[in-house]
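Remarks on the structure that follows.
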Amino acid sequence: GMGRSIHAGQVTVADGTKLGGEKIRRVLTNDPGMGVIRHVDAGYDIAESVADERGVRVPVREGDES
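If you're matching positions, the sequence shown starts at 2 in our numbering and goes up one per residue.
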């Protein structure tokens, strides 16, 4: 990516339709949620607190329980 940023080039169109709204909701929920998961995996305590507070399922933590 530009400036060594890593991204998938996600583009979402807000066209006022129900389908468009559903897609925007998924993108704006999943993208930041994955950031929280990455930070939990990296060991940041604040990320664990946010994940617990917001109900974010963190598979890397679930693997530790087995």
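Where a beta carbon is used, it is the ideal one built from N, C-alpha and C, also for glycine. Just so you know, these numbers come straight off a predicted model, no measurement behind them.
Taking the Cα of N31 as reference, the smallest distance to any Cα among V57, I47, D46, G64 is reached at V57.
About 6 Å separates the beta carbon of V28 from that of Q11, a gap short enough to meet the 8 Å contact definition. Closest in C-alpha terms to P33, from the list E63, S6, R55, comes R55.
If you check the CB distance, D42 and V61 come in under 9 Å. In the DSSP assignment, I47 falls within the unbroken alpha helix (DSSP H) covering 46-55. Assignment of R58 by DSSP, reduced to helix, strand and coil, places it in the coil class.
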